[in-house]
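Here the structure is laid out as structure tokens; the discussion comes afterwards.
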Amino acid sequence: MRTGTTISLARAASLALVVFACGIPVGCGGSAPAEQSTIGARDLHTVEKSSFDMVLPVSGELAAQQQVEIRNKLESRAVITEIVTEGTRVSKGDVVVRLAQAELIDKIKDARDKVNSAQSAEIAAKQALAIKQGEKQSELDKADVTVRIAELALQGWQEGEVVNKRQQLALAKETAIINFDRLKGRFEESEKLVAQRYIAKDEFEKDRIAMIEAEAKVKQADLDLEVYEKYTFFQDEAKKKSDLEQARAERSRVEEKFNAELVKAKSDLESAEFQLTSAKDRLTNLELQLGYTTIAAPIDGLVVYATSIDSSNGGRGGGDAQPPQVGTELRPNELIILLPDTSRMVANLKVSEALSGRIKPEQAVTVYSDALPNQPVGGSVTTVSVLAASGGWRDPNRREYTVKTALQADPSMGLKPAMRCKAEILLGRVEDAINVPVQAIFRQGPVAFVYVQDGTGFAQRQIELGRASELLIEVKKGIEAGDKVLLREPKAFEITSKLDPSVFEMANASAPGAGGGRPPMGRGMNASPAEGGAGAGAGPRGGAGSGAGRPPAGAGGPSAGGRPSGERAANPSTGS
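Read in order, the letters of the sequence shown correspond to residues 80 to 655 in our numbering.
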């Protein structure tokens with residue numbers, strides 16, 4: 080269906096007259112004027128229904144899945160005596176660096192002499208302490224007998240006298256309670272009888288007095304028991320325990336006397352032990368340091384000097400740093416070598432924030448290193464970074480996510496960390512759908528349209544876009560298979576009809592944020608996420624096809640974050 084206003088043929092005629100009046104020659108036999116551009120085969124594309132892959136072009140760099148740092152672990156002066164050549168592939172256990180040992184060997188000899196002296200001093204201190212401890216024990220045994228006698232006296236009181244006293248008080252309390260219950264019952268019977276006038280009131284009062292007296296005896300028994308438990312018991316207990324404490328105090332005085340004599344002996348022993356421990360620790364550390372003078376590769380990998388890594392990648396070197404060699408003096412904990420395992424490589428790809436939501440684990444990826452641009456390497460997405468990284472001072476508004484891709488690379492390819500690469504992430508596949516190259520799509524505000532061949536010119540045709548790759552875009556509505564669309568922006572005299580202005584006005588009015596200053600017209604190479612596009616900025620690349628193939632060198636390949644390189648790609652030929 081076409082919507083638009085046909086430009087009057089008089090306008091075309093007037094253009095021809097202007098051209099003729101300007102003196103531009105016209106071809107014989109009714110040929111077209113020179114201003115009319117010749118429509119080449121590469122300028123037209125025949126619409127067809129086909130399938131294509133949705134591929135997202137990105138870029139990044141290679142990295143090793145596993146990488147080990149080799150540092151100088153010596154605490155003292157370290158000088159290189161041997162180092163493996165950079166770029167060498169080493170196996171686990173191979174020696175990569177040797178450091179000077181002579182100074183450490185002399186220090187180890189001195190440390191062993193100090194250990195022997197400290198051991199002799201420790202033995203003498205132990206013997207002196209043992210003698211003092213024997214004398215102390217003899218005197219303490221005598222004091223222990225006195226303490227034992229006091230303990231037995233306390234135990235006899237607790238298990239004999241206390242039990243007997245508590246039984247007496249409990250018996251008195253129980254007897255008083257039974258007598259009270261008996262007299263209480265009698266009083267209750269008398270209360271009933273006096274009410275019925277079977278007994279005299281005087282007899283009733285006697286029963287009540289007897290009950291009151293019995294109740295008082297119960298309270299007295301409770302009081303006696305409470306006084307014993309709260310006061311008398313603790314008085315007797317305090318006396319017995321005082322006797323025991325006096326005996327123990329005497330024992331303590333004996334112990335303190337000998338403890339005072341043992342303080343110096345123990346202090347001497349602790350000092351001797353500390354000196355021995357310090358000497359042994361020093362010897363152990365020096366022997367450990369001696370082991371650090373021979374550094375072996377912990378994994379298989381490629382030897383990379385730390386000075387070869389610039390500061391932007393976390394290196395210590397820089398452009399003027401000299402590589403390590405025999406005679407180089409190292410600082411403590413200085414990074415010497417990076418040992419990446421190149422048998423298992425990954426690609427860290429940069430994806431713009433707008434496209435990150437479409438990247439999922441296990442999606443297929445094809446990677447091309449800049450060093451080997453004609454050798455594709457297969458892989459799959461493993462992770463997408465949680466946070467985006469900024470574009471730095473060059474582009475502070477740009478946000479990019481890092482997509483880590485595990486590669487299935489042959490080690491014989493010689494891939495190395497930090498190699499730049501380009502990649503294509505397979506987002507999905509569009510099956511059996513009407514599609515056109517992205518060069519054919521134009522926009523004016525939210526309206527997308529193409530130029531369909533109409534006789535000798537081209538007519539604007541509004542379309543509805545669907546999913547897209549970096550080369551092709553699905554068209555849901557507006558054109559049919561067999562239509563021919565223009566792959567470039569037409570000249571003014573090539574346009575036979577345009578869309579009615581009301582189409583753009585209605586679209587702008589209904590679009591979110593209408594009046595937000597969208598450009599009046601633009602090429603349709605940026606399919607929006609709502610239309611299922613491959614993503615903002617995924618420009619067309621050179622060559623024809625489904626978009627799954629490798630772009631030729633210099634033909635608008637994917638740039639960082641899927642941004643267009645700014646180079647117009649070659650138009651795909653009709654029927655590609």
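C-beta atoms are modelled at their ideal positions from N, C-alpha and C, and glycine is treated no differently.
Looking at the DSSP output, Ser321 sits in no beta bridge, so it has no partner there.
Ser138 and Ala181 have their C-alpha atoms some 51 Å from each other. Residues Glu543 of the same chain have their beta carbon placed closer than 6 Å to that of Lys556, with the five preceding and five following residues left out of the count. Per the C-alpha coordinates, the member of Tyr277, Ala200, Pro440 positioned closest to Leu505 is Pro440. Distances from the alpha-carbon of Glu230 to those of Lys205, Val482, Lys319 put Lys319 closest. The C-beta distance from Ala571 to His124 rounds to 21 Å, too long to fall under 8 Å, and the pair is not in contact. Relative to the Cα of Gly493, the nearest Cα in the group Ser469, Gln539, Glu510, Arg423 belongs to Arg423.
When DSSP states are grouped into helix, strand and coil, Pro402 belongs to the coil group. Boundaries of the alpha helix (DSSP H) around Thr225: 181-235. Note: Asp533 is bridge-paired with Gly536 in the DSSP secondary-structure output.
DSSP places Glu127 inside the beta strand (DSSP E), whose first and last residues are 127-143. Judged by DSSP secondary structure, Gln523 falls within the beta strand (DSSP E) whose first and last residues are 521-523. Shown here, Asn151 sits in coil according to DSSP, grouped into three states, outside any helix or strand.
Between Val460 and Val482, the beta carbon gap of about 6 Å places them in contact (Cβ cut-off 8 Å). The shortest C-alpha to C-alpha distance from Asp420 to any of Val531, Gln144, Leu135 is the one to Gln144. Around the beta carbon of Ala588, fewer than 16 other beta carbons sit within 10 angstroms, so the residue counts as exposed.
Burial is judged here by how many other beta carbons sit within 10 angstroms of a residue's own beta carbon; Asn151 has at least 16 and is buried. Of all C-beta pairs linking the stretch 165-178 to the stretch 348-355, fewer than three are shorter than 8 Å, placing the two stretches out of contact. Each residue's CA atom was taken as its position, placing Arg473 and Gly172 some 44 Å apart.
A Cβ-Cβ contact shorter than 8 Å links Leu486 with Val456. The closest CA to that of Ala142, considering only Val163, Met498, Ile159, is found on Met498.
Rounded to the nearest whole angstrom, the CA to CA distance from Gln237 to Glu316 is 8 Å. Under a 10 Å Cβ-count criterion, Ala249 is classified as exposed, with fewer than 16 other Cβ atoms of the shown protein chains found around its own Cβ.
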